[in-house]
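Notes follow once the structure below has been shown.
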Amino acid sequence: MLSNTYIHIPGVGKGLERKIWAQGIHTWKEFLEMEDCLSIPSSRKARICEEVRKSSEHLAAKDYCFFSQCLPSAEHWRAYSLFSDSAAFVDIETTGLSKSRDKLTIVGIYDGKESKTYIRDINLDDIVEEFSKYRLLVSFNGARFDLPFIKSEFPEIEFNQLHIDLMYPLRRIGYNGGLKNIEKLLGITRSDDTEGITGFDAVRLWKKYEKGDCEALDILIKYNIEDTVNLKTIIELTYPKMVEKALNA
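Sequential numbering from 1 applies to the sequence shown in UniProt numbering.
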């Protein structure tokens with residue numbers, strides 16, 4: 001979908017983007033090949049052509065920073081298929097909802113193959129290096145919660161990647177509510193150990209662990225891993241619908 005996108009170009013909004021698509025031109029390659037056929041003022045057409053060439057070069061170089069900066073944050077999902085080979089599916093656990101009063105307990109990262117768990121007072125500091133490995137982050141409500149929470153404790157993390165907060169593109173295609181509700185709508189099941197656990201339960205499990213209950217930590221880790229793994233399942237199931245919605249809006 002990224003190579004079908006024009007709204008990252010200065011002066012191009014969704015209306016003009018749809019007008020380009022309506023003329024049978026979707027990809028950047030098609031735009032450059034068929035520019036003479038486009039019913040767009042020549043001066044604007046020349047600027048778009050220049051930006052399309054520039055975008056193609058940045059995409060060939062996998063320059064995620066370029067697209068992270070120029071693509072509207074609500075549209076970062078469009079980059080998924082072309083940057084999924086360097087994606088981190090991210091979810092955190094905390095002692096509460098306030099960045100100023102509460103603290104991170106667990107940061108979970110799933111790279112599509114391996115789950116990695118970073119635990120407070122064990123290896124949490126390792127997330128600084130870990131996040132630098134990825135071009136794309138995928139979360140659920142991460143723009144308002146997960147990433148700001150991490151940033152408050154680790155300000156040295158830049159978070160200059162593309163970031164897909166799935167909550168918003170999912171709403172556009174009719175999937176509302178929290179992560180667990182959306183999992184049910186998509187037929188995604190949890191393990192017996194974590195079925196029914198909520199964020200409030202996660203706080204309780206951490207408190208039990210602090211009192212010496214290692215089994216509580218094991219359950220919390222499993223719960224967090226399922227969150228991150230399910231994020232990948234969700235986007236893989238719904239990405240085609242996001243593309244269809246965007247192209248036919």
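Note that beta-carbon positions come from the ideal geometry of N, C-alpha and C, so glycine has one too.
Exercise for the section: Provide the residue(s) that pair with residue 328 in DSSP beta bridges, ordered along the chain. Expected result: Nothing about residue 328 can be read from this structure; the chain reaches only from 1 to 249.
Handout entry: Counterpart residues of Ser39 in DSSP-defined beta bridges
Key = Start at 1 with the first residue of the sequence shown, and residue 39 comes out as number 39. According to DSSP, residue pairing for Ser39 in a beta bridge does not occur.
Exercise for the section: Return yes when the Cβ of Ala143 is within less than 9 angstroms of the Cβ of Asp111, no when it is not. Expected result: The count along the sequence shown starts at 1 and reaches residue 111 at position 111. The count along the sequence shown starts at 1 and reaches residue 143 at position 143. In this structure, the beta-carbon distance from Asp111 to Ala143 does not fall below 9 angstroms.
Practice task
Mind the definition here: the segment 128–147 touches the segment 208–219 only if three or more C-beta pairs lie below 8 angstroms; say whether that holds.
Solution key: With a cut-off of 8 angstroms on Cβ pairs, the segment 128–147 is not in contact with the segment 208–219, counting fewer than three such pairs.
Problem - Of the listed residues Lys99, Lys113, Leu104 and Val128, nearest to Ile119 (C-alpha basis) - result: As a working note, residue 119 is residue 119 in the sequence shown. That would be Leu104, whose Cα lies nearest to the Cα of Ile119.
Practice task
Below 6 angstroms CB to CB, which residues in the same chain sit around Thr194 once its five sequence neighbours on both sides are set aside?
Solution key: Translated into positions along the sequence shown, residue 194 becomes position 194. Listed in chain order, the non-local C-beta contacts of Thr194 below 6 angstroms within the same chain comprise Lys222, Tyr223 and Glu226, local neighbours out to five positions each way being set aside.
Practice task
Counting only runs of 3+ residues fully inside the segment 128–191, write out the beta strand (DSSP E) ranges in chain order.
Solution key: Within the segment 128–191, the complete beta strand (DSSP E) segments of 3 residues or longer fall at 136–139 and 162–165, listed in chain order.
Practice task
Assign Gln161 to one of two classes, buried (16 or more other C-beta atoms within 10 Å of its C-beta) or exposed (fewer than that).
Solution key: Taking the sequence shown and counting its residues from 1, the one referred to as residue 161 is at position 161. Gln161 is buried by the Cβ-count criterion.
Exercise for the section: Using alpha carbons as the reference points, say which of Thr95, Leu59 and Ile40 lies closest to Arg18. Expected result: Within the sequence shown, the letter at position 18 stands for residue 18. A check of alpha carbon separations from Arg18 across Thr95, Leu59 and Ile40 identifies Ile40 as the nearest.
Exercise for the section: Specify the secondary structure class of residue 253 as computed by DSSP and reduced to three states. Expected result: Since the first residue shown for the chain is 1 and the last is 249, residue 253 is missing from the structure and cannot be characterised.
Problem - Delimiting residues of the alpha helix (DSSP H) encompassing Ile219 - result: Here residue 219 corresponds to residue number 219 of the sequence shown, with the count starting at 1. Where Ile219 is concerned, the enclosing alpha helix (DSSP H) stretches over Cys214 to Leu247.
Handout entry: Test item: CB-CB of Ile20 and Leu2 under 9 angstroms
Key = Numbered from 1 along the sequence shown, position 20 holds the residue referred to as residue 20. Numbered from 1 along the sequence shown, position 2 holds the residue referred to as residue 2. Not a contact, by the Cβ cut-off of 9 angstroms.
Problem - Lys207 Cβ short of 8 angstroms to the ligand ADP heavy atom set - result: What this structure holds is no ligand at all, so the ligand ADP is not there to describe.
Practice task
Check whether the segment 137–152 touches the segment 228–237, taking contact to mean three or more Cβ pairs, one atom from each stretch, closer than 8 angstroms.
Solution key: With three or more CB-CB distances shorter than 8 angstroms, the segment 137–152 counts as touching the segment 228–237.
Exercise for the section: Have a look at Leu16 and Leu82 and give me their C-alpha separation to the nearest angstrom. Expected result: The count along the sequence shown starts at 1 and reaches residue 16 at position 16. The count along the sequence shown starts at 1 and reaches residue 82 at position 82. Taken atom to atom, the span from the alpha-carbon of Leu16 to that of Leu82 is near 23 angstroms.
Problem - Pro169 and Trp77 closer than 9 angstroms at C-beta - result: For the purposes of this step, residue 169 is taken as residue 169 along the sequence shown, with counting starting at 1. For the purposes of this step, residue 77 is taken as residue 77 along the sequence shown, with counting starting at 1. It is a contact, given that the beta carbons lie within the stated cut-off.
Exercise for the section: State the CB to CB distance for the pair Val203 and Gly96, rounded to an integer number of angstroms; the pair is presumed to be in contact (CB under 8 angstroms). Expected result: By one-based count along the sequence shown, residue 203 stands at place 203. By one-based count along the sequence shown, residue 96 stands at place 96. Confirmed, Cβ separation roughly 7 angstroms.
Handout entry: First and last residue of the uninterrupted alpha helix (DSSP H) at Ser68
Key = As a first step, residue 68 is located in the sequence shown; it is residue number 68 there, counting from the start. Segment Tyr64 to Cys70, the alpha helix (DSSP H) holding Ser68.
Handout entry: Residues near Thr117 in its chain [Cβ-Cβ closer than 6 angstroms; skip 5 each side]
Key = In the sequence shown, the residue the question calls residue 117 occupies position 117. So the list reads Gly108 and Ile221, once near-sequence residues are dropped.
Handout entry: Rounded straight-line distance, which links the Cα of Asp165 to that of Phe89
Key = As a first step, residue 89 is located in the sequence shown; it is residue number 89 there, counting from the start. As a first step, residue 165 is located in the sequence shown; it is residue number 165 there, counting from the start. Their Cα atoms are separated by approximately 10 angstroms.
Problem - Backbone CA spacing between Gly196 and Arg101 [nearest angstrom] - result: Position 196 of the sequence shown, counting from 1, holds the residue named residue 196. Position 101 of the sequence shown, counting from 1, holds the residue named residue 101. The C-alpha of Arg101 is placed about 27 angstroms away from the C-alpha of Gly196.
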